[in-house]
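First the structure, in the form of structure tokens, and then the observations on it.
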């Protein structure tokens, strides 16, 4: 009678294969849950959270469209535009955003004043920057935000989607919890996952060494 | 004696390097940088010397380093072989540009080693062949499959090399201040020269030295940056966590860099939040990239080839552990550069920087001493060199051993095989050089193509070939054809988009069968087709089943 030499991971025959495959299956399950399970969970619990800048813009946009926005609203929205251009280098040259900022800036200047790129003192005063860290950075962005092209009516159908795209973020307790200085989810992916991979590999090698000796699979020879 | 010569040579180089400390400071992008150039030339000369003192004497040496490498040594070689320009430069680049999305590359490239270890390493070593095509040829008792696998090995190594040559080119541009095209040509010539004279024995020895250079050059600026900006510097891999949180909340510290940089940034949660809409990358893409890179890791021929250079199967297993640990030291650190780079380049005066060089720019913008920045750039070149040399050997082996000797001319002498290996190396290097000059995408993305290709073609054949005796020649052929079909589709759509041709369903294909992650669908299709065809065709020969059960699985 011919010996059965079939090999199938899911139907191991020898005692070694049974032990080994069980170990492999355990490690692969832990590995998959740690990577894909964690991220699936993070996706399931996340919520789109608009940041303060988005809230400020949405609160003012209808008034801006109607031309009834207060000075304060205009100043706040001008800072939102500057924030976008400060954070996203690809938006720094965005014609619609520059136009929107320039229109708003013109509206903030006193009668008879004009935007002068060589001397932005009037404009900076009109936007009313505070002395905090954020406003100091925003102030530096003003020269980059002024449109050199002739200004046109603001197309809010182009500006509002920019706000949605750039100022809403997916957050959950995993992203908002701080661990060793990191946002937790960032720590998990950038540090812990690799610690886990190394740990799984060491665990497997230790067990495999014992198993192969126990079942006489490997020797010290080549 | 050989070691003494290497130490002597290293000492001379260190003296030359030290003399360069009087060189002028460096600029951000333009101009010739003397000190970094001397360091880089010194390191390349060191590699050449090591290769020269450890020349391959026969084909066994050339392909598998005489099977004499220790576990830790092999782990270092695996790590060095692995830590390419994509790891050294590309990962920080992709995180700098797309934030958390870049961590899919970090997890994908390391998580794949778990699969590689538990499913492949020891089993492949027990199978006892030299190269990936050897394994396929023997397991599937087919010269045709061996030939196709050899071609695939060549193509995968080729794609992988393109990103590396791009990285070498960028660093040569930065150091020598020459145009990108010339930088790629010079870099290619140097890496080709030393691979030609050394072969894998020299390469493996070189890779151990390269690992040390790569990791030290990468860690020193990381410690300095953390120390300088008052973060926890004793363990920068943890210390930069606060940098990430500072980016999310916004920060401003007193610092005025010589190149116009400041240490201040507006609150930027998009840097750390998962699949942020501002990055244009979503959850599906994160998962697809991660999955594709993991499967690709377990199917890359030049990584699998490393298991043949250790004496025993248990050494193959432990070399993976060491390799992964050595790799992780760099991967734990890479996001640090993207985080510091994000803050230091936030000043609008800095303008738009080349993402792929952000590691070096970050050190420069942080006013790290120019010699250390030069060493960092030389480390990047070493990373690219170490991988390219391994890839060129894998490609040359596929060409000379698997195609020429095993298929075309089985009567070939050892000398003829060596000659063909060198011809294969030259052909591949020249071809890669031309494609690298085209600058098709970011380094990490170019390398990701090679991973998806390996995951769709080689991974299913290895996985099923090892773990299922029912996997036969017809199944492997059909699965390979299916995997190749998906791969070709993805690459054709990519090339078409690059030359401005819009094919039908281009948008759908760009999202679901993207060149960076097409293996998420290609690999499962290849596996399903492989299994289905194997079930309905002639069974695997008994001797193969017996060999698999007894030798590979020890039944």
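Protein chains in written order, with my numbering: chain A, 15 to 236; chain B, 296 to 850.
A virtual CB, placed ideally from N, CA and C, is assigned to each residue, including glycine.
Remember, predicted model here, so these are calculated numbers, not experimental data.
Are residue i and residue j close, meaning C-beta to C-beta below 8 Å?
{"i": "residue 129/A", "j": "residue 119/A", "result": "yes"}
{"i": "residue 479/B", "j": "residue 680/B", "result": "no"}
{"i": "residue 579/B", "j": "residue 506/B", "result": "no"}
{"i": "residue 399/B", "j": "residue 21/A", "result": "no"}
{"i": "residue 633/B", "j": "residue 196/A", "result": "no"}
{"i": "residue 683/B", "j": "residue 521/B", "result": "no"}
{"i": "residue 587/B", "j": "residue 815/B", "result": "yes"}
{"i": "residue 476/B", "j": "residue 794/B", "result": "no"}
{"i": "residue 653/B", "j": "residue 380/B", "result": "no"}
{"i": "residue 229/A", "j": "residue 849/B", "result": "yes"}
{"i": "residue 45/A", "j": "residue 214/A", "result": "yes"}
{"i": "residue 674/B", "j": "residue 656/B", "result": "no"}
{"i": "residue 186/A", "j": "residue 56/A", "result": "yes"}
{"i": "residue 153/A", "j": "residue 138/A", "result": "yes"}
Need the endpoints of the alpha helix (DSSP H) that residue i sits in, please.
{"i": "residue 612/B", "result": "608 to 639"}
{"i": "residue 163/A", "result": "Careful: residue 163/A lies outside any alpha helix (DSSP H) and carries neither H nor E."}
{"i": "residue 86/A", "result": "85 to 101"}
{"i": "residue 819/B", "result": "814 to 831"}
{"i": "residue 803/B", "result": "801 to 807"}
{"i": "residue 429/B", "result": "427 to 434"}
{"i": "residue 453/B", "result": "438 to 471"}
{"i": "residue 666/B", "result": "665 to 692"}
{"i": "residue 596/B", "result": "596 to 599"}
{"i": "residue 868/B", "result": "Because chain B is modelled from 296 through 850, residue 868/B falls outside the range shown and cannot be assessed."}
{"i": "residue 377/B", "result": "366 to 377"}
{"i": "residue 392/B", "result": "386 to 393"}
What would DSSP say about residue i, mapped onto helix, strand or coil?
{"i": "residue 116/A", "result": "helix"}
{"i": "residue 730/B", "result": "helix"}
{"i": "residue 408/B", "result": "helix"}
{"i": "residue 547/B", "result": "strand"}
{"i": "residue 106/A", "result": "coil"}
{"i": "residue 558/B", "result": "strand"}
{"i": "residue 789/B", "result": "helix"}
{"i": "residue 192/A", "result": "strand"}
{"i": "residue 572/B", "result": "helix"}
{"i": "residue 197/A", "result": "strand"}
{"i": "residue 237/A", "result": "No information on residue 237/A is available, as it lies outside the stretch 15 to 236 that chain A covers here."}
{"i": "residue 331/B", "result": "helix"}
{"i": "residue 297/B", "result": "Here residue 297/B scores only 49 on pLDDT, less than 50, and its place in the model should not be relied on; the value that follows carries that caveat. Note: residue 297/B maps to helix in three-state DSSP."}
{"i": "residue 129/A", "result": "coil"}
{"i": "residue 174/A", "result": "helix"}
{"i": "residue 649/B", "result": "coil"}
{"i": "residue 506/B", "result": "helix"}
{"i": "residue 811/B", "result": "coil"}
{"i": "residue 563/B", "result": "coil"}
{"i": "residue 396/B", "result": "helix"}
{"i": "residue 531/B", "result": "helix"}
Which stretch, first to last residue, makes up the beta strand (DSSP E) that contains residue i?
{"i": "residue 27/A", "result": "Run containing residue 27/A: none; DSSP gives neither H nor E here."}
{"i": "residue 50/A", "result": "Premise fails: residue 50/A is in no beta strand (DSSP E) and is neither H nor E."}
Considering only DSSP beta bridges, list what residue i is partnered with.
{"i": "residue 184/A", "result": "62/A"}
{"i": "residue 763/B", "result": "22/A"}
Exercise for review: Check each residue of the region 56 to 82 of chain A: if its Cβ is closer than 8 Å to any Cβ of chain B, include it; give the result in chain order.
Suggested key: 56, 57, 60, 65
Exercise for review: Determine which residues of the region 186 to 215 of chain A have a Cβ less than 7 Å from any Cβ of chain B, and write them out in chain order.
Suggested key: Going along the region 186 to 215 of chain A in chain order, one finds 189, 192, 194, 195, 196, 197, 199, 200, 201, 203, 204, 205, 207, 208, 211, 212, 214, 215 with a Cβ nearer than 7 Å to chain B.
Point to revise | Short-range partners of chain A found in the region 393 to 406 of chain B, where Cβ spacing is below 8 Å | key: Under the 8 Å Cβ criterion, the region 393 to 406 of chain B contributes 395, 398, 401, 402, 405, 406.
Practice item. Could you please tell me which residues of the region 619 to 634 of chain B, in chain order, have their CB closer than 7 Å to any CB of chain A? Key: 619, 620, 623, 626, 627, 630
Check your understanding: Between the region 568 to 597 of chain B and chain A, which residues of the former have CB atoms less than 9 Å from a CB of the latter, in chain order?
Key -> 568, 569, 570, 571, 572, 573, 575, 578, 581, 582, 585, 586, 589
Check your understanding: For the region 15 to 42 of chain A, which residues have a CB atom closer than 7 Å to at least one CB atom of chain B, in sequence order?
Key -> 19, 20, 21, 22, 23, 27, 28, 30, 31, 38, 41, 42
**Study point:** Residues in the region 520 to 539 of chain B having any Cβ partner in chain A nearer than 9 Å
**Key:** 526, 527, 532, 533, 534, 535, 536, 537, 538, 539
Check your understanding: Residues in the region 167 to 183 of chain A with C-beta within 9 Å of chain B's C-beta atoms, listed in sequence order?
Key -> 178, 179, 180, 181, 182, 183
Practice item. May I ask you to list, following chain order, the residues of the region 138 to 151 of chain A that have a beta carbon less than 8 Å from some beta carbon of chain B? Key: 147, 148, 150, 151
**Study point:** Contact set between the region 642 to 653 of chain B and chain A, restricted to residues whose Cβ is under 7 Å from the partner
**Key:** Contacts with chain A (Cβ-Cβ distance below 7 Å) from the region 642 to 653 of chain B involve 643, 647, listed in chain order.
Point to revise | Cβ-based contacts, 8 Å cut-off: residues of the region 103 to 114 of chain A near chain B | key: 103, 106
Point to revise | Contact list for the region 116 to 140 of chain A against chain B, Cβ threshold 8 Å | key: none
Review point. Using Cβ-Cβ distances below 8 Å, what residues of the region 432 to 446 of chain B are close to chain A?
Key: none
Practice item. Taking a Cβ distance cut-off of 8 Å, strictly less, list which residues of the region 543 to 565 of chain B are near chain A, in chain order. Key: 543, 545, 546, 547, 559, 560, 561, 562, 563, 564, 565
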